[in-house]
Amino acid sequence: MCERALTKLISRNTTIPTKKSQVFSTAADGQTTIEVKIYQGERELVRDNKILGNFKLVGIPPAPKGVPQIEITFDIDADGIVNVPAKDKATNKDQSMTIASSSFAESDKARRDLIEESNKGESVCSDTEKAMNEFKDPLDATEKEKVTKLVTELRELAAKGQPGDGAVTSEQIREKINETR
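Just so we're aligned, residue 0 is where the sequence shown starts under numbering that gives the first Met the number 0, counting upward by one.
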């Protein structure tokens, strides 16, 4: 599996329970370990999807790249629990990972909260700039500079929070919103 490309095994809105398998191989000669990374999402690039977990399958006999046959299966049960085994077909060595549906519900909520706070931050920036333009005469230069700096800082934090990737926290954005208001 290529580090930057995503192989989709189960499409969105697939009825569960479901089970899909695909055979992969090594990318380098003599490779004895592969890392299986499990993502949620259907974007073409890995970075645009959400990682749910990863594990390593070790003990693959050294061979030319492309020779080992590693079967990876995604098995989602009726409760949304994902089981991902990887098995070397030549040696029957296997390793697996189980992901409970609730284990990513919390991170989904945190990501949604972060994006919502980012949106609020951007809204506060716009409202503050509008108010500064309407009431620019009563503000002295020092006050204008201070508010402009706060708006710039908030806008930068809000932009970092938009992907929801944890580059900033919703609490950091919330604090900057309160400081800007």
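Heads up, the beta-carbon is just placed ideally off N, CA and C, and yes, glycines get one too.
Cβ-Cβ separation, residue j to residue i (assumed contact under 8 Å), whole Å
{"i": "A77", "j": "I176", "result": "About 42 Å separates the two Cβ atoms, so there is no contact after all."}
{"i": "I80", "j": "I37", "result": "Going by Cβ atoms, the distance from I80 to I37 rounds to 13 Å, so no, they are not a contact pair."}
{"i": "K7", "j": "D74", "result": "With a Cβ gap of about 16 Å, K7 and D74 do not count as contacting."}
{"i": "L5", "j": "N53", "result": "Going by Cβ atoms, the distance from L5 to N53 rounds to 13 Å, so no, they are not a contact pair."}
{"i": "A89", "j": "P63", "result": "So it is not a contact: roughly 13 Å between Cβ atoms."}
{"i": "V146", "j": "C124", "result": "Rounded, the Cβ-Cβ distance is 11 Å, inconsistent with contact."}
Nonlocal neighbours in the same chain, by C-beta distance under 8 Å from residue i, ignoring five residues either side
{"i": "D93", "result": "L56, P84, A85, K86 and D87"}
{"i": "G65", "result": "S24 and T25"}
{"i": "C1", "result": "Low local confidence applies: a pLDDT of 45 at C1 is under 50, so the model's placement there is unreliable, and no value is given."}
{"i": "S95", "result": "F54, N82, V83, P84 and A85"}
{"i": "A140", "result": "none"}
Same chain only: Cβ atoms within 7 Å of residue i, ignoring 5 sequence neighbours per side
{"i": "L156", "result": "G120, V167, Q171, I172 and K175"}
{"i": "P137", "result": "none"}
Alpha-carbon to alpha-carbon, residue j and residue i
{"i": "L113", "j": "P60", "result": "45 Å"}
{"i": "D126", "j": "E142", "result": "16 Å"}
{"i": "M131", "j": "K148", "result": "13 Å"}
{"i": "T31", "j": "G58", "result": "6 Å"}
{"i": "S122", "j": "Q161", "result": "13 Å"}
{"i": "R111", "j": "K159", "result": "14 Å"}
{"i": "K135", "j": "S100", "result": "52 Å"}
{"i": "V22", "j": "I69", "result": "5 Å"}
{"i": "V45", "j": "K108", "result": "21 Å"}
{"i": "R11", "j": "E144", "result": "48 Å"}
{"i": "R180", "j": "N118", "result": "15 Å"}
Beta-carbon gap between residue i and residue j smaller than 9 Å
{"i": "V35", "j": "I71", "result": "yes"}
{"i": "I169", "j": "E128", "result": "Position check: residue 169 holds Ser in this sequence, whereas Ile was assumed. No."}
{"i": "L153", "j": "E178", "result": "yes"}
Proximity test, residue i beta-carbon vs the ligand NAP heavy atom, cut-off 8 Å
{"i": "L8", "result": "With respect to the ligand NAP, the structure offers nothing, as it holds no ligand at all."}
Contact set for residue i: own chain, Cβ-Cβ below 6 Å, skip 5 residues either direction
{"i": "S20", "result": "E70 and T72"}
**Q.** Sufficient close CB pairs (3 or more, under 8 Å) joining the segment 41 to 50 to the segment 22 to 31
**A.** no
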